[in-house]
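Chains as they are written, first to last, in full-length UniProt numbering: chain B, 1 to 177; chain S, 1 to 177.
Protein chains: 2
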Amino acid sequence: MLELAILGFLYDAPLHGYELRKRITALTGHVKPVAESTLYPAIKRLEKADLLARATQPGSVAAPRHVLTLTETGRNELCRRLAEPAQRDITDENRWFTVLAFLRHLDDPSAQAAVLRRRLAFLEEPASFFYSGDRPLRAEELDDPFRRGILTIARATSRAELAWLRATIDSLDAGSP
Amino acid sequence: MLELAILGFLYDAPLHGYELRKRITALTGHVKPVAESTLYPAIKRLEKADLLARATQPGSVAAPRHVLTLTETGRNELCRRLAEPAQRDITDENRWFTVLAFLRHLDDPSAQAAVLRRRLAFLEEPASFFYSGDRPLRAEELDDPFRRGILTIARATSRAELAWLRATIDSLDAGSP
DNA sequence: GGAGGATACATCGGTATCGATGTATAGAGG
DNA sequence: CCTCTATACATCGATACCGATGTATCCTCC
């Protein structure tokens, strides 16, 4: 996830680690903060895998900046991860939002639509947080007000997202018939 | 998170690991699956910390079941974690839903309301995923349809949750004036 | 001129989690 | 009879992440 965000931000422009951190914090930080000690090792991993290159730029301010640039391999890898996200990236909202944030970098509208369809399929299958046997329970069937809250909120999210997904898939299909 | 779920389920009734796993999978598994190799070490951790006790029940089916029971310490610890969740548990929806799923185990309505108020405060502060300088951007200001989607969905969730939070806090306050 | 904060990177220990794999038994189905 | 699946637990190595801490510079404000 973090790696996807790094690759995604660097796709637009070369950045140094600190700036990257600020952007990632703005994107997902209010929900799930990222520690510096997570970011820098992640950058190293990606560098080691040759997905990004580091150019030391000394003197400008304080400690010497390491300006990070996406390599050709890195750009391909980003597209691959966007086009073929793991199932986790589809189901977990945190991860899914990160995919969405960079999905525009896939240049093929039908590939974008395919990713949205996977999320659509996930949201369309009947699922709940609570079951009676195998049957998903509805909010109204629960005594516990807090568990009812979970279902109420999840349902609202699901409705809004389904509407958005269907509309966006339609317009992507219309754009490239 | 996982630990909270384990403690929460055991609060109701003693269970063995496998049953625990099925319940956790039902609760959060469609969004974020839990591997067995994560669950069993977690159980061991909790046992080592004396939060739960294990009673081997041989012969019933297949491998001998280890029936897990919450200790007095474990029950207190669950309540402590529910009453004083980490900030992460408030901001991250996955974690927050787990807190909500077991919040009924706090017997004090005003303590329950206090937890809901923390979430309320988090949702009320202006935040976005995208900024222009320091100003949070609205969905309408974005070109990227996918990023617009993120904001659209987040806004719908936020609205539904705010309404539910306010109503529930009111009714908790009314119940214990 | 000195304190404090922002910038910018880094390391280290600890731990949570995952994926793969293993071991056993019971029951269903062919 | 044999295979497959479900039940039930366990280990192991790899890795991702966190929290604490460290280093160094520059700028601002008092």
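Here a beta-carbon is modelled for each residue, glycine too, at the ideal position from N, C-alpha and C. Fair warning: this is a prediction, and the values are worked out from it, not measured in the lab.
Distance check between residue 26/S and each of 161/B, 71/B, 126/B, 171/B places 126/B closest, using alpha-carbon atoms only.
DSSP places residue 99/S within a helical segment (H, G or I) once states are collapsed to three. DSSP places residue 31/S in no alpha helix (DSSP H); its state is neither H nor E. Contacts between residue 145/B and chain S, judged by CB atoms closer than 7 angstroms, involve 168 in chain order. Within 7 angstroms of the CB of residue 117/B, no CB atom of chain S is found; the nearest one sits about 14 angstroms away. Inclusion of residue 86/B and residue 111/B in the CB contact set at 8 angstroms is not warranted, their separation being larger than that value.
In the DSSP assignment, residue 137/B falls outside any alpha helix (DSSP H), carrying neither H nor E.
One thing to note: residue 8/S has its Cβ no nearer than 8 angstroms to the Cβ of residue 97/S. Residue 104/S reaches chain B at 144, 146, counting residues in chain order whose Cβ is nearer than 7 angstroms. For secondary structure counted as the alpha helix (DSSP H) over 4 or more consecutive residues, the stretch 107 to 135 of chain S holds these complete runs in sequence order: 109 to 124. The CB of residue 140/B never comes closer than 9 angstroms to any CB in chain S; the least such distance is about 14 angstroms.
Considered as a whole, the UniProt domain "Transcription regulator PadR N-terminal" (6 to 78) of chain S harbours 52 to 57, 65 to 70 as its complete beta strand (DSSP E) runs of no fewer than 3 residues, in chain order.
Proximity of residue 92/B to chain S, defined by a Cβ-Cβ separation below 8 angstroms, is satisfied. Contact note: residue 6/B does not reach chain S at a C-beta cutoff of 8 angstroms; the least C-beta distance is about 16 angstroms.
In this structure, the alpha-carbon of residue 33/B lies about 43 angstroms from that of residue 57/S. Ranked by Cα distance from residue 28/S, the options 131/B, 139/B, 166/B, 143/B are led by 131/B.
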